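Peer 1:
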Amino acid sequence: LDEAGAPELAAKLAAYRGGYLAEERRALEAALASGQLLGVASTNALELGVDITGLDAVILAGYPGTIASLWQQAGRAGRRGRDSLVVFVARDDPLDTYLVHHPETIFATPVEATVTDPTNPYVLGPQLCCAAAERPLTMADVELFGGAAAEAVLAELVRRGLLRRRAAGWYWTDRNWPQADIRGAGGQPVTVVERSSGTLLATVDSPTAPATVHQGAIYLHQGLAYEVDDLDLAKSAALVHLADPPWSTSAQQVSDIAVIEVLHSARAGGIGVHFGTVQVSSQVISYQRRRLSTGEIIDETPLDMPVSRLITKAVWYTLDDALCLDAGLDDVDLPGALHAAEHAAIGLLPLFATCDRWDIGGVSTARHADTGLPTVFVHDGHPGGAGFAQHGHEVLSDWLQATLEAISSCECDTGCPSCVQSPKCGNGNDPLSKSGAVQVLQLVLAALADHG
Numbered sequence: 040l041d042e043a044g045a046p047e048l049a050a051k052l053a054a055y056r057g058g059y060l061a062e063e064r065r066a067l068e069a070a071l072a073s074g075q076l077l078g079v080a081s082t083n084a085l086e087l088g089v090d091i092t093g094l095d096a097v098i099l100a101g102y103p104g105t106i107a108s109l110w111q112q113a114g115r116a117g118r119r120g121r122d123s124l125v126v127f128v129a130r131d132d133p134l135d136t137y138l139v140h141h142p143e144t145i146f147a148t149p150v151e152a153t154v155t156d157p158t159n160p161y162v163l164g165p166q167l168c169c170a171a172a173e174r175p176l177t178m179a180d181v182e183l184f185g186g187a188a189a190e191a192v193l194a195e196l197v198r199r200g201l202l203r204r205r206a207a208g209w210y211w212t213d214r215n216w217p218q219a220d221i222r223g224a225g226g227q228p229v230t231v232v233e234r235s236s237g238t239l240l241a242t243v244d245s246p247t248a249p250a251t252v253h254q255g256a257i258y259l260h261q262g263l264a265y266e267v268d269d270l271d272l273a274k275s276a277a278l279v280h281l282a283d284p285p286w287s288t289s290a291q292q293v294s295d296i297a298v299i300e301v302l303h304s305a306r307a308g309g310i311g312v313h314f315g316t317v318q319v320s321s322q323v324i325s326y327q328r329r330r331l332s333t334g335e336i337i338d339e340t341p342l343d344m345p346v347s348r349l350i351t352k353a354v355w356y357t358l359d360d361a362l363c364l365d366a367g368l369d370d371v372d373l374p375g376a377l378h379a380a381e382h383a384a385i386g387l388l389p390l391f392a393t394c395d396r397w398d399i400g401g402v403s404t405a406r407h408a409d410t411g412l413p414t415v416f417v418h419d420g421h422p423g424g425a426g427f428a429q430h431g432h433e434v435l436s437d438w439l440q441a442t443l444e445a446i447s448s449c450e451c452d453t454g455c456p457s458c459v460q461s462p463k464c465g466n467g468n469d470p471l472s473k474s475g476a477v478q479v480l481q482l483v484l485a486a487l488a489d490h491g
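Under the numbering used here, the first residue of the sequence shown is numbered 40, with each subsequent residue one higher.
1) Roughly how many angstroms lie between the CA atoms of residue 54 and residue 61, to the nearest whole one?
2) Which residue marks the beginning of the alpha helix (DSSP H) containing residue 108, and which one marks its end?
3) Strictly by DSSP, which residues pair up with residue 260?
4) Return the first residue and the last residue of the alpha helix (DSSP H) that residue 59 is part of.
5) Tell me the rounded alpha-carbon separation between residue 285 and residue 327.
6) For residue 211, which of helix, strand or coil comes out of DSSP?
7) Taking residue 387 and residue 438 to be in contact with their CB atoms under 8 Å, please state how far apart those CB atoms are, rounded to whole angstroms.
8) Determine whether the beta carbon atoms of residue 392 and residue 430 lie at a separation below 9 Å.
9) Compare the Cα-Cα distances from residue 389 to each of 172, 360, 103, 195 and report the closest residue.
10) Output yes or no for whether 9 Å exceeds the beta carbon distance between residue 418 and residue 299.
11) Provide the residue(s) that pair with residue 314 in DSSP beta bridges, ordered along the chain.
12) Check whether the segment 478-488 touches the segment 304-312, taking contact to mean three or more Cβ pairs, one atom from each stretch, closer than 8 Å.
13) Does the Cβ of residue 135 have 16 or more other Cβ atoms within 10 Å, making it buried, or fewer, making it exposed?
14) Confirm, please, whether the CB-CB distance from residue 232 to residue 277 is below 9 Å.
15) Would you kindly report the start and end of the unbroken beta strand (DSSP E) that includes residue 404?
16) Rounded to whole angstroms, how far is the Cβ of residue 112 from the Cβ of residue 85, which I believe are closer than 8 Å?
17) Identify the residues that DSSP records as bridge partners of residue 341: which are they?
18) Measuring only the C-alpha atoms, how far is residue 175 from residue 409?
19) Identify the residues that DSSP records as bridge partners of residue 126: which are they?
20) Comparing C-alpha positions only, which one of 180, 155, 115 sits nearest to residue 351?
21) In angstroms with no decimal places, state the Cα-to-Cα distance between residue 287 and residue 330.
22) Taking one C-beta from the segment 247-262 and one from the segment 195-207 each time, how about it: are there three or more such pairs within less than 8 Å?
23) To the nearest angstrom, how far is the alpha carbon of residue 411 from that of residue 446?
24) Counting only the same chain and skipping the five closest in sequence on each side, list residues whose C-beta sits under 8 Å from that of residue 197.
25) How many whole angstroms separate the CB atoms of residue 181 and residue 190, which I take to be in contact at a CB cut-off of 8 Å?
26) Suppose you measure from the CA of residue 114 to the CA of residue 293; what does that come to, to the nearest Å?
27) Could you tell me whether the Cβ atoms of residue 416 and residue 398 are closer together than 9 Å?
28) By Cβ distance, which residues of its chain are closer than 7 Å to residue 271, with the 5 residues on each side in sequence left out?
29) Locate the alpha helix (DSSP H) running through residue 190, then write down its first and last residues.
30) Can you tell me where the alpha helix (DSSP H) with residue 387 in it begins and where it stops?
31) Secondary structure at residue 146, three-state DSSP: helix, strand or coil?
32) Start and end of the alpha helix (DSSP H) containing residue 447?
33) Which first and last residues belong to the beta strand (DSSP E) in which residue 277 is found?
34) What do you get for residue 186, buried or exposed, if any count of 16 or more other CB atoms within 10 angstroms of its CB means buried?
35) Looking at C-alpha atoms only, which residue of 51, 237, 159, 457 is the closest neighbour of residue 137?
36) Output the distance between the C-alpha atoms of residue 343 and residue 255, rounded to the nearest integer angstrom.
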């Protein structure tokens, strides 16, 4: 193609992501099957909920997070014995950087085991309600749902009046079917409505709504840009109008984390390693407008959004002050070093747990209120925890070693999206120290190696 491209093919391509209405999904499937459409640009929502198969080629724009997802997406091409082409285009991302240097990780590694916590009450509670609505739960059923953990959740459901305990078992108390959030997002989805026509465009997960459909946000749908006029979280609705601005928007947020319960703790060589329950508090405080042509920041507008609180699981490590001083990490360098190490570790955890970086989060601080020490947290992004941080705790040495390799092998001088910068950082990737992150990780890994 020449510089003008092929504008005549624009109508032959479509977009797909989670939140599309059912009729839009089905129309897209039919158009691809008939040849009316020649291609589709999709998020990882392509893996579930839409029937798109038998394509000639798949282009993977970045590693999808797991080997299972990679083969699921690649498998959309070449069915029924037909030849196909799958191309992987690496992104500026620590995990993609690692995989480019270690392709055997994909081609010589089996599909990872699913990581989950079946005793998570936020997951188990709705599932028990659904089961009891089908037929009363017996003690034999309770054993299948986890035994003692399920009994504790059942007791809470009875206390809340959702289930009733009888001699024969537990009964669902409502005439309506219980609601279970199979997507794990939590909360009522926010509907996106075109203001002038009242047309329902899509839905947005409740936890991500403040960052994606806040007032003034540019929201993209089916290749069209809409500006958000109003977000009403109480009514779970965002009103938008069609627009064509020469800028994009990105939300800025602040996060804090508090330790609720330490479930496992160990110390070695001035390093502490912990796993437990935490409360993560986050708040969208502003948004930036960036020019589409250059990425230049035009301005930043403050927002008044509620604080969201999430009780979940986390793995964290601490460094003694004397250890940091001996390594030359002073009060000026330490925040950026910890922040960069946190970003890179989040990017590499999907190499070991069945998740992607959007399923997890992190907080780093040179002096945490609960630990009293320089601390790096990585936490699950799901209520109650989904098993990702727990698995990270179990494979901490391998995980942090891969993180160190990804940073060290990156050819940049001071840090870039391929190693320590993060696309989801609420602090604008500031401060960051690539060399400091290498020092922090070397200190932690040396202590873990000495501890055995």
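We put the beta carbon where it would ideally sit given N, CA and C, even for glycine. Source: prediction; values computed, not measured.
Peer 2: Taking the structure as given:
1) One-based indexing of the sequence shown puts residue 54 at position 15. One-based indexing of the sequence shown puts residue 61 at position 22. Taking the straight line from one Cα to the other gives about 14 Å.
2) In the sequence shown, the residue the question calls residue 108 occupies position 69. Segment 106-113, the alpha helix (DSSP H) holding residue 108.
3) On the sequence shown, residue 260 is found 221 positions in, with the first residue counted as 1. Paired residues: 263.
4) Position 20 of the sequence shown holds residue 59. Premise fails: residue 59 is in no alpha helix (DSSP H) and is neither H nor E.
5) In the sequence shown, residue 285 corresponds to position 246, counting from 1. In the sequence shown, residue 327 corresponds to position 288, counting from 1. Distance between the alpha carbons of residue 285 and residue 327 is about 13 Å.
6) On the sequence shown, residue 211 is found 172 positions in, with the first residue counted as 1. In this structure, residue 211 counts as strand in the three-state DSSP scheme.
7) Position 348 of the sequence shown, counting from 1, holds the residue named residue 387. Position 399 of the sequence shown, counting from 1, holds the residue named residue 438. At roughly 6 Å, the Cβ-Cβ gap stays under 8 Å, so residue 387 and residue 438 are in contact.
8) Taking the sequence shown and counting its residues from 1, the one referred to as residue 392 is at position 353. Taking the sequence shown and counting its residues from 1, the one referred to as residue 430 is at position 391. At the C-beta level, residue 392 and residue 430 come within 9 Å of one another.
9) Within the sequence shown, the letter at position 350 stands for residue 389. Of the candidates 172, 360, 103, 195, the residue whose Cα lies closest to the Cα of residue 389 is 103.
10) Sequence index remark: in the sequence shown, residue 418 carries index 379 (1-based). Sequence index remark: in the sequence shown, residue 299 carries index 260 (1-based). Pairing residue 418 with residue 299 gives a Cβ-Cβ distance that is not under 9 Å.
11) Reading the sequence shown from its first residue, position 275 is the one you call residue 314. According to DSSP, residue 314 bridges with 303, 354.
12) In the pairwise beta carbon analysis, the segment 478-488 is classified as touching the segment 304-312: at least three pairs are separated by under 8 Å.
13) Sequence index remark: in the sequence shown, residue 135 carries index 96 (1-based). So residue 135 counts as buried.
14) Translated into the one-based positions of the sequence shown, residue 277 becomes position 238. Translated into the one-based positions of the sequence shown, residue 232 becomes position 193. Going by C-beta atoms, residue 277 is nearer than 9 Å to residue 232.
15) Counted from its first residue, the sequence shown places residue 404 at position 365. In this chain, the beta strand (DSSP E) harbouring residue 404 covers 399-404.
16) Residue numbering aside, residue 112 sits at position 73 when the sequence shown is read from its first letter. Residue numbering aside, residue 85 sits at position 46 when the sequence shown is read from its first letter. Contact between residue 112 and residue 85 holds, since their C-beta atoms are separated by about 6 Å, short of 8 Å.
17) Position 302 of the sequence shown, counting from 1, holds the residue named residue 341. Note: residue 341 sits in a beta bridge opposite 325.
18) Taking the sequence shown and counting its residues from 1, one reaches residue 175 at position 136. Taking the sequence shown and counting its residues from 1, one reaches residue 409 at position 370. Whole-angstrom Cα-Cα distance: 44 Å.
19) Taking the sequence shown and counting its residues from 1, the one referred to as residue 126 is at position 87. Beta-bridge pairing links residue 126 to 98.
20) In the sequence shown, counting from the first residue as 1, residue 351 sits at position 312. Closest by alpha carbon: 155.
21) Position 248 of the sequence shown, counted from the first residue, corresponds to residue 287. Position 291 of the sequence shown, counted from the first residue, corresponds to residue 330. Approximately 7 Å between the Cα atoms of the pair.
22) Touching, no.
23) As a first step, residue 411 is located in the sequence shown; it is residue number 372 there, counting from the start. As a first step, residue 446 is located in the sequence shown; it is residue number 407 there, counting from the start. In a straight line, the C-alpha of residue 411 is about 27 Å away from that of residue 446.
24) Here residue 197 is taken as the residue at index 158 of the sequence shown, counted from 1. Around residue 197, the same chain offers 203, 204, 209 as residues with beta carbons nearer than 8 Å, after the five sequence neighbours per side are excluded.
25) The residue given as residue 181 occupies position 142 in the sequence shown. The residue given as residue 190 occupies position 151 in the sequence shown. Right, their Cβ atoms sit about 6 Å apart.
26) Sequence index remark: in the sequence shown, residue 114 carries index 75 (1-based). Sequence index remark: in the sequence shown, residue 293 carries index 254 (1-based). The alpha-carbon of residue 114 is positioned some 39 Å away from that of residue 293.
27) On the sequence shown, position 377 is the one that residue 416 refers to. On the sequence shown, position 359 is the one that residue 398 refers to. The answer is no: Cβ separation not under 9 Å.
28) For the purposes of this step, residue 271 is taken as residue 232 along the sequence shown, with counting starting at 1. Non-local C-beta neighbours of residue 271 in its own chain, meaning closer than 7 Å and more than five positions away in sequence, are absent.
29) Sequence index remark: in the sequence shown, residue 190 carries index 151 (1-based). Going by DSSP, residue 190 is part of the alpha helix (DSSP H) stretching over 187-198.
30) By one-based count along the sequence shown, residue 387 stands at place 348. From DSSP, the alpha helix (DSSP H) with residue 387 extends over 373-387.
31) Taking the first residue of the sequence shown as position 1, residue 146 is located at position 107. Helix at residue 146.
32) Position 408 of the sequence shown, counted from the first residue, corresponds to residue 447. Taken as a continuous stretch (DSSP letters only), the alpha helix (DSSP H) holding residue 447 covers 435-448.
33) Locating residue 277 in the sequence shown gives position 238, counting from the first residue. Here the beta strand (DSSP E) through residue 277 covers 276-282.
34) The residue labelled residue 186 in the question sits at position 147 within the sequence shown. Looking at its Cβ environment, which holds fewer than 16 other Cβ atoms inside 10 Å, residue 186 is exposed.
35) On the sequence shown, residue 137 is found 98 positions in, with the first residue counted as 1. Of 51, 237, 159, 457, the residue nearest in Cα terms is 457.
36) The sequence position of residue 343 within the sequence shown is 304, counting from 1. The sequence position of residue 255 within the sequence shown is 216, counting from 1. Each residue's alpha carbon lies about 12 Å from the other.
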